[in-house]
Each structure stands twice: as C-alpha cells, then as structure tokens.
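Each residue of the sequence shown is one higher than the one before, starting from 320 at the first, in my numbering.
What follows is a set of notes on a single structure, which appears directly below.
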Amino acid sequence: MKLTDDGFLGGRLQVLQPEKGYRAGIDAVMLAASVPAAPGDHVLDVGAGVGVASLCLASRLADVKVTGLEIQRALAGAALENTKRNKLETRVKIIEGSAAEKAAILATKGVAYGSFDHVMTNPPFYEAEKVWNSPDESKATAHMLEDVSLGEWMRVTCAMAKPKGTVTIVHRADALPELLKGIEGKLGGLIAFPLWPAVGKEANRVLLQGVKSSRAPFKLANGLLLHDDRGGFTAEADAILRNGAALPLSSA
C-alpha cells in the first residue's frame, strides 16, 4: 500500500495515509474539534482509520486519552505509526477490531461497553447492498457497511459511552433520519449541526451529538459555513482546520 505524508492542523500533525482509497480530511478534523472532552477523560474513536480524528483530539487536549478502534489491519498499522510520528503514542492507543464484534471480545481488547467518557465516530457511508463497491478495497471497506448496518453501528457506539457521556457523529447530511432512528432511546440532548460548503449550497455533512441517558430536547443548530465567496475557508473554519480550535456544538 503506497502512502502519502500529509499535514493536518497547519502542519502540527504529519499523517501517513493511503495514496488511493479512503483518505481522511475535513470530516475527521471537525469531528475531533466538536468532542467536549475535559482533562482526564477517555475518548473512543470508532472506525479510526489512520487515526486523524484521534490525533487531532489528543493534540488539542493535552490531558485526554484516546482509543482508536479500526477494523482494517493496514489502516490500524498506519494509525499506530502515526501516533509514534507525532509523539502521541502514550495517549493515543490503536486497537484492531470492529464494531461488529461481540461485546465480550471487544472487552478483552480494552474496548468495554459503558467505559468511555466520550465516543466519536465517522461511520461508513453506504450499505453494501445499495451501491456498487469501490474498486479500491480499503475505500470500499471504509465507506460501506458490510458487517453491520448503520443502526447497529450506532447501537454499539452508544453502548460504549458511560451514562451522561457524549456520543458525537459526523456523517452525510441526508443520512440524518437514519442516524436519529439508530440512536432513538439511547441519547438525549441531541444537537444536529450542519456543515455548509458555501452560501446557497445544501449541507452535505452533519455533526450529531447527544448525551447518554439524557432526556433533554432536540436542537437544530445554525451550523458552520466552511467556505467564503472567494472559495477559501471562512475564519471560523480555518481556526479549526489550521489552528486546532474547538467547535463547541452546545453553544452554537
């Protein structure tokens, strides 16, 4: 697998990732920025890929530990190498495994239900029976739900959080109804936060965050505009993508 060496957070992080197939980008950075972790918290990244979201979060918050769960051996290996390259291996742990595995098996790997202060995830985008496979195996696996449905992925993700812990998701905006169905009865205080590519264009990504065991009402936030009328990033987006600023959804 040929890798590229890419910079994130204005070059603060240097990340190896596949030249072809699934490649981390804005989604992972926005996901990490929106997790409301506090010093001493332990965060789980379900479907960690090459570890970009995990590394971004650990870079932003020096006293937080992150565990990344990734099914693909090649990506998990790259993620492990990325933790070392960025000197974050003491706080970011990468585990090869899948959300489809039984709870008892995951627990033996250190990924036990109900044990994380926060959980974040960028789930695979498409169900295998609904679309054609990508010719690149890593991209197909990263973007298609084969072992579990999106609903089952969300069930496991929510189960990993402690009571009153948060779960944060980034996904396609048109998948919001399915996401809400998958977490029904599991999370409350839900905030849907659209990511708008430009003025006048529909949101193609949404951040969704909720609190386990909460009964607070749903909130639709204004969201974040990513690009200005010149095609560059807005000041708000640039602060997150280049400088590693937080994106607190609860105050949006």
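Using N, Cα and C, we set each Cβ at its ideal position, and we do this for glycine too.
Review point. Do the CB positions of Val371 and Val334 come within less than 8 Å of each other?
Key: Against a cut-off of 8 Å, the Cβ pair of Val334 and Val371 comes out as a contact.
Practice item. Please classify Asp382: is it buried, with 16 or more other beta-carbons within 10 angstroms of its beta-carbon, or exposed? Key: With fewer than 16 other CB atoms across the displayed protein chains lying within 10 angstroms of its CB, Asp382 is exposed.
Review point. Are there three or more Cβ pairs, one per stretch, closer than 8 Å when the stretch 345-363 is compared with the stretch 414-428?
Key: no
Review point. Per DSSP, what kind of secondary structure is Lys321 in: helix, strand or coil?
Key: Residue state, collapsed to three classes: coil.
Exercise for review: Give a yes or no on whether the C-beta atoms belonging to Gly329 and Asn562 are separated by under 8 Å.
Suggested key: yes
Exercise for review: Starting from Ile424, trace the alpha helix (DSSP H) both ways and give me its first and last residue.
Suggested key: 422-427
**Study point:** Host alpha helix (DSSP H) of Gly470 (start-end)
**Key:** 469-479 is the extent of the alpha helix (DSSP H) around Gly470.
Review point. Do the stretch 496-515 and the stretch 535-554 touch if we need at least three Cβ pairs shorter than 8 Å?
Key: yes
Review point. To which residues of the same chain is Val525 closer than 7 Å at the C-beta, ignoring the five residues directly before and after it?
Key: The answer, listed in chain order, is His490, Ala492, Leu495, Ala511, Phe512, Pro513, Leu514.
Check your understanding: Count the other CB atoms within 10 Å of the CB of Lys406; is the residue buried (16 or more) or exposed (fewer)?
Key -> exposed
Review point. Given Glu497, which residues of its chain have a CB within under 8 Å of its CB, disregarding the five upstream and five downstream residues?
Key: Leu469, Gly470
Exercise for review: Would you mind listing the beta strand (DSSP E) stretches within the stretch 498-546 that are 3+ residues and don't spill past its ends, in chain order?
Suggested key: 506-515, 524-531
Point to revise | Integer-rounded CB distance, given that Gly416 should sit under 8 Å from Leu388 | key: Rounded, the Cβ-Cβ distance is 5 Å, consistent with contact.
Review point. Taking the DSSP output, what are the residues bridged to Pro337?
Key: Residue pairing by DSSP places Pro337 opposite Leu322 in a beta bridge.
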